[in-house]
Amino acid sequence: MKLSFKPDPAVLITEVLTIVIGILLALAANEWNNQRLQSNKLDAILQMVEQEIDYNLKVMEVIHAKNTEALANLEETDSEKESQVIPGLQIRETAWQTLLT
């Protein structure tokens, strides 16, 4: 006696479709997970950039305040020096330093 196996085409198509749908769902889940991980990394990077910008802004505010103070001191010193100089006899400091060397 010979056994004959003749698969039902409807069952065969159903099994193939089930496998294809399972593969597509797995690929979609993998893509969603990759996008989620990438989004989390991007959020972390943006947060670090924001922190760095805030830090740099604070540093620049301190530097600006010190530069403003130094400029005010220089302007005050320059106005004091101008009152001590005889008009017409001003020598540039660089020329004077060159002469001394």
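Heads up, the sequence shown is in my numbering, so the first residue is 33 and it goes up one at a time.
Every residue, glycine too, gets a C-beta built ideally from N, C-alpha and C.
In whole angstroms, what separates the C-alpha of M80 from that of A104? Here residue 80 refers to the residue found at position 48 when the sequence shown is read from its first residue. Here residue 104 refers to the residue found at position 72 when the sequence shown is read from its first residue. A straight-line Cα-Cα distance of about 36 Å links M80 and A104.
Collapsed DSSP secondary structure at D75 in the structure displayed: Locating residue 75 in the sequence shown gives position 43, where the first residue counts as 1. Helix, per DSSP.
With H, G and I counted as helix, E and B as strand and the rest as coil, what does DSSP make of P41? Your numbering for residue 41 matches position 9 in the sequence shown. Helix.
Please report the straight-line C-alpha distance between E108 and I85, rounded to a whole angstrom. The residue labelled residue 108 in the question sits at position 76 within the sequence shown. The residue labelled residue 85 in the question sits at position 53 within the sequence shown. When rounded, the distance between both Cα atoms is 34 Å.
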